[in-house]
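Visitor: Under the working numbering, the final residue of the sequence shown carries the number 1170; numbering is consecutive throughout. Even glycine gets a Cβ: it sits at the ideal position worked out from N, Cα and C. Values in this document were obtained by computation on a predicted structure and should not be read as measured data.
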Amino acid sequence: MAVRDNWFTENEVMWPGQAMSLKVEEVLFEGRSKFQDILVFRSSTYGTVLVLDGVIQLTERDEHAYQEMIAQLPLHSHPNPQSVLIVGGGDGGVLREVCRHPDVASVTMCEIDELVCDVAKKYLSHSTATAFDDPRVTLVHADAAEYVKDKCDAYDLVIVDSSDPIGPAETLFTSSFYSCLRKAMRPGAIMCNQGECIWLHLPLIADCLRSCHEIFPSVDYAYTTIPTYPSGQIGFLLCSTAAGAVLRRPLREPTPEMQAQLKYYSPAAHAAAFILPRFAEETVAAVRKPPMPYACTSGAPPLLTRSSLALAAVGVLVGAVAATALGRR
């Protein structure tokens, strides 16, 4: 593992020429499972950090920006999610978010690496790994690509919380896997998949969108900001089995109790997550399904155009003139 002189440095072939470093206070766990290297350390500024194969998976300080958005975006886009499948997510963060919803009846979590779950339960028990004992949860240690092959109309939501498309997670970014997921999903079901970084992986994102475009009638893309992920940003690929599904507006709002627990997600953050920088929007728009113009959606403030600003200025001027005239009288 890349810990030298009490510093961890993340160097990865998927983002060459840049690196992320964190000061290490104490190494809590270091080992190797059948699938990958696992490192847990306490950092000086970001709390406990989980690293898989040299890549930061989460830190206690900023994990909510990812965990809440990858889970709450699809959860609030579905009218009544009863059965949820989580692919990956061994740290327990997505599971925690799903289990915040009392109406969810069952959650199946398919994580290939049992040791990741065990390490999370020991070292992240007060942050992400808080819902493994929920009675609604079934934990399966298997290759998700194989696990879903015999499933049919089983899930209202599928959340794919995978690592990057190399190593153990490589099969989770293929058309064949998406096709198996489509068969396992119910009418109106939603899938949300970790969608890489628009600053680093736009061609890969476009390829994934094209693959899903051939399988799902509704496809869209959102993103969140998170400082310890590459370039401080990561996206989400959202697909629905329903044609014309509205994924950009939450169909339900968090209860006051849930909202008090959330640190990042809100209805406004939901809508804003789909407003991409123009360079990314131009790429995504070519493969979004159904097509959607570049505009704000409900829940976000209206766009101020030159004409609307001009009309507002005229209104202010007219009001001022009228007030002056009344004052003279």
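Return the CA-CA distance between LEU1041 and VAL868, expressed in angstroms with no decimal places.
Guide: Straight-line Cα distance between these residues: approximately 30 Å.
Visitor: Mind listing, in chain order, the continuous alpha helix (DSSP H) runs of no fewer than 4 residues lying wholly within the stretch 1008 to 1063?
Guide: Qualifying alpha helix (DSSP H) stretches, in chain order: 1016 to 1025 and 1043 to 1054.
Visitor: Assuming GLN898 and ASP932 make a contact with CB atoms under 8 Å, what is their CB distance in whole Å?
Guide: Contact holds; Cβ gap of about 6 Å.
Visitor: Should ALA1154 be labelled buried (16 or more other beta-carbon atoms within 10 Å of its own) or exposed?
Guide: Note that ALA1154 has pLDDT 41, beneath the 50 cutoff, so the model's placement of it is unreliable and no number is given.
Visitor: I'd like to know if the stretch 990 to 1001 and the stretch 954 to 961 are in contact, where contact means that at least 3 CB-CB pairs between them fall below 8 Å.
Guide: Output reads no: the stretch 954 to 961 does not touch the stretch 990 to 1001.
Visitor: For LEU1022, I'd like the list of residues in its chain whose CB is within less than 7 Å of its CB, leaving aside the five on either flank, ordered along the chain.
Guide: Correct list, in chain order: VAL989, VAL999 and MET1032.
Visitor: Return the bridge partner residues of LEU891 from the DSSP annotation.
Guide: For LEU891, which the question treats as bridged, DSSP gives the partners VAL881 and LEU899.
Visitor: Determine, using beta-carbon pairs with one atom in the stretch 1053 to 1062 and one in the stretch 881 to 894, whether at least three such pairs fall under 8 Å.
Guide: No, they do not touch.
Visitor: With a 10 Å radius around its C-beta and 16 neighbouring C-beta atoms as the bar for buried, classify GLU871 as buried or exposed.
Guide: Exposed, since its Cβ has fewer than 16 Cβ neighbours within 10 Å.
Visitor: Does the beta-carbon of GLU904 have 16 or more other beta-carbons within 10 angstroms, so that it is buried, or is it exposed?
Guide: Its Cβ being crowded by 16 or more others within 10 Å, GLU904 is buried.
Visitor: Rounded C-beta distance between VAL948 and LEU936? I'm assuming under 8 Å.
Guide: Rounded, the Cβ-Cβ distance is 7 Å, consistent with contact.
Visitor: Between the Cα of ALA820 and those of GLY1076, GLN913, GLY1029 and ASN1034, spot the shortest distance and give me the residue it belongs to.
Guide: One cannot answer for residue 820 here, as it falls past the ends of the chain, which runs 842 to 1170.
Visitor: With a Cβ-Cβ cutoff of 9 Å, do ALA1127 and ALA1047 count as a contact?
Guide: Contact flag set, yes.
Visitor: Specify the secondary structure class of LEU936 as computed by DSSP and reduced to three states.
Guide: DSSP places LEU936 in helix when its eight states are reduced to three.
Visitor: If you draw a straight line from the alpha carbon of HIS917 to that of THR1096, how long is it in whole angstroms?
Guide: If I take the Cα positions, the gap works out to 11 Å.
Visitor: Could you give the distance in angstroms between the alpha-carbon of LEU906 and the alpha-carbon of ILE1067?
Guide: The displayed chain sequence assigns Ala, not Leu, to residue 906. Straight-line Cα distance between these residues: approximately 6 Å.
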